[in-house]
Structure formats: structure tokens, C-alpha cells
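Here is the structure we will look at, set down as C-alpha cells.
Numbering (the numbering used here), first residue to last: -9 to 340.
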């Protein structure tokens, strides 16, 4: 079995080597990508991709590297969860189970590694779809003049800038009516645990000449937010909550910082619901995305983790149940592109 697996992996590497760099292939030869995806959908390879053929020694080596990485990043970034919540002893880091106390550091290393290429990689990974998803996400939010908004895990500002743009337009249109009620600073707050991602967001905001009085960047942990109770009209988190060590704690914190009547919105990769799409999407995710990471960002491992973290995230119904358990009402979700992503919504009514 091991000999057969070795031959299979070598064959796949030879096939991959015969393709042009994926960044160029995506642009100039999409037919090659389609062929590669279909060729990758065998049941045997799916088993390999999901880790069922991994040796115990390989898993042990990976575990040691993960622990070392967490130590290098430093324990200082690990926040204290809200009191009264039971702390799990382990957490998933992709397909690896690691001590819960180490996951934040491991995820921190991933995002520090990808920070400078994060937006470009999102374009390549989603073939630009993430922009349309975020536009729809913000339309669903329905920003209003004078809105106090918190965007968590929003380091590079993609969602926050969209929200700020809509708020600014509305305030310009209604200046006389709402001027007395508009807070001059901190209308939109970007909160992220990773300083490198925040640095990229600040650079983008400066380049776009966004009003610094309407935008603030704060380093903070989603599981223990540095904000008072009932501070915000809305809370968004896009493609971030699956990287949190304790998702339940993050949801309870979202509920805490929202005003009564405030809205929680989450945009996240989810579980494919269209028959036939899952195999193609899995092949693309596990084969193409890491190669894009290697070619464009010189970082294959980080993007392997990002793909694995999507597969480990709860499905739509399970995540909706978690949102309800955190105290939110009128919880619902909408699938995007057959469940590749989903928008989850809930309201704080008491």
C-alpha cells in the first residue's frame, strides 16, 4: 500500500510539473486547470487528500513543527476567553489537533506569512468571486449614517472600507439631518489579532486617502474583545471565524459588544450543497490553491492550512445553531455559489 501511495504521489508531482505556473495558467489556459481538476477527483486521491493515508511518523513530524511554530510566534497574542466558558484542551489547526493554547500562535504565523499577498491571493483563489461576495455581504448589512460598526478579523480592510464608503455617502447625502448624531471618529473599527494584517490595512487606507476620523484599527482577540458592552450597531466577520480557537467564545463576545437591536453578520467558506460540485471543488482546493500559494506567495503550507481549515469548519446548520446558542435571534443563512461560501445573520434582541 505504501509503495502504491508513493508511486501515486510521484505521478501527481510529475503531472503538476508539466503544467505552467498556476498564476499564469489561471489567466491564459483555464482549460488546463479544468482538465487538472477533473483528473484529480478519483476516490483514491480524495482519501489521500483527507489525510487517511498519512503515516503516524509524518503526523508526528508535523505536530512537532506546529508546536515549534507556536513557540516562535509567542504566547503573548493568546487572549483570555470570557469568564464562565469552559476551555477545550485541544483545537484543530487544519487537519492537526493541537493544544488549544497553541492554535492562536499557529494561526498568527500563517497570517503574518501571507499578509502582504493576502488580497492578491484572495483574487486568485476565488477567481475574483470574493469581491462579489463581500459586496453582497455589505449590501445585506444595510449600513446607515452615524452607524457604529465593528469588523473583526478584518485586517486588510476589505469589508470595513466598503462599509465606511457607504456610511460616508449616506452622511454626505443627509448631512444636515444627521450631523448632530454622527460620531466624528471611530465610525468603523477594524479589529484583528494580527499586527501584520493590520499594517497592510493601514497602508491600504492611507493609499486610498480614507478619512482617518471615520476609521480605526485596533489589535484585539475575537475571543476577548477590548470594547465595552453594547458598543456597536453591527458586527461583521468575513473569512475569519474559522481561524478562531474557541468559536463559541467569539460568538458570545460578538453578542456582548452589540447594542440591543444590533446585527451579527458572518461571511465564511462553508460546505458545498450542489451535487457533483464537491469533488471538483475539493480537487481545486487541495491541488490548485496550495500551488497558487507556492507560485505567487512562495508559501504553499499556509494555503494548505487555509484549505484544511475550511473543511474542518462546521456546516451551515451546525454553525447557525452555534449562533443561536450565543444568544442571537432570527438566525438564518444564505448559501453562495452552491455552498462554497455562506452569509450567516443574527440579531441581538435582548
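Built from N, CA and C at the ideal position, the CB exists for glycine as well.
* Asked: Quick one, are the C-beta atoms of residue 183 and residue 232 less than 8 Å apart?
  -> Mapped onto the chain shown, residue 183 falls at position 193. Mapped onto the chain shown, residue 232 falls at position 242. It is not a contact, given that the beta carbons lie outside the stated cut-off.
* Asked: Three-state secondary structure (DSSP) at residue 325?
  -> To locate residue 325, count along the chain shown from 1; it is residue 335. Here residue 325 sits in strand by DSSP.
* What residues match up with residue 211 in a beta bridge as DSSP calls it? -> Walking along the chain shown from the start, residue 211 turns up at place 221. Looking at the DSSP assignment, residue 211 forms a beta bridge with 214.
* To the nearest angstrom, report how far apart residue 295 and residue 289 are at their CA atoms. => Translated into the one-based positions of the chain shown, residue 295 becomes position 305. Translated into the one-based positions of the chain shown, residue 289 becomes position 299. Their backbone Cα atoms lie some 11 Å apart in a straight line.
* Asked: Does DSSP classify residue 358 as helix, strand or coil?
  -> This structure gives no information on residue 358, because the portion of the chain shown stretches from -9 to 340.
* Asked: Looking only at its own chain, which residues have a Cβ that is under 7 Å from the Cβ of residue 310, when we skip the five neighbours before and after it?
  -> If you number the chain shown from 1, residue 310 lands on position 320. Excluding positions up to five away in sequence, the list reads 321, 323 and 334.
* Who pairs with residue 255 in a beta bridge, going by DSSP? -> Stepping through the chain shown from its first residue, residue 255 is reached at position 265. The partner list for residue 255 (beta bridge, DSSP) reads 226 and 335.
* Would you kindly work out how many angstroms separate the C-alpha atoms of residue 264 and residue 163, rounded to a whole number? => What you label residue 264 is simply residue 274 of the chain shown in a count that begins at 1. What you label residue 163 is simply residue 173 of the chain shown in a count that begins at 1. Whole-angstrom Cα-Cα distance: 42 Å.
* What first and last residue would you give for the beta strand (DSSP E) that runs through residue 182? -> As a first step, residue 182 must be located in the chain shown, where it is residue number 192. Note, residue 182: beta strand (DSSP E), 178 to 182.
* Three-state class that DSSP yields for residue 28 in the structure shown -> One-based indexing of the chain shown puts residue 28 at position 38. Caution applies to residue 28, whose pLDDT of 35 falls short of 50 and renders its modelled position unreliable; the value that the coordinates give is listed next. Correct three-state label for residue 28: helix.
* Count the C-beta pairs between the region 119 to 132 and the region 199 to 216 that are closer than 8 Å, then say yes if the count reaches three, no if not. => no
* **Rounded Cβ spacing between residue 339 and residue 247 (contact assumed at less than 8 Å)** => Looking up residue 339 in the chain shown gives position 349. Looking up residue 247 in the chain shown gives position 257. Contact flag wrong, Cβ pair sits at about 15 Å.
* Asked: For residue 154 versus residue 95, is the C-beta spacing smaller than 8 Å?
  -> Residue 154 sits at position 164 when you count from the first residue of the chain shown. Residue 95 sits at position 105 when you count from the first residue of the chain shown. No, Cβ-Cβ distance for residue 154 and residue 95 is not below 8 Å.
* CB residue 225 to CB residue 140, shorter than 8 Å? -> Within the chain shown, residue 225 is the residue found at index 235, counting from 1. Within the chain shown, residue 140 is the residue found at index 150, counting from 1. A contact, by the Cβ cut-off of 8 Å.
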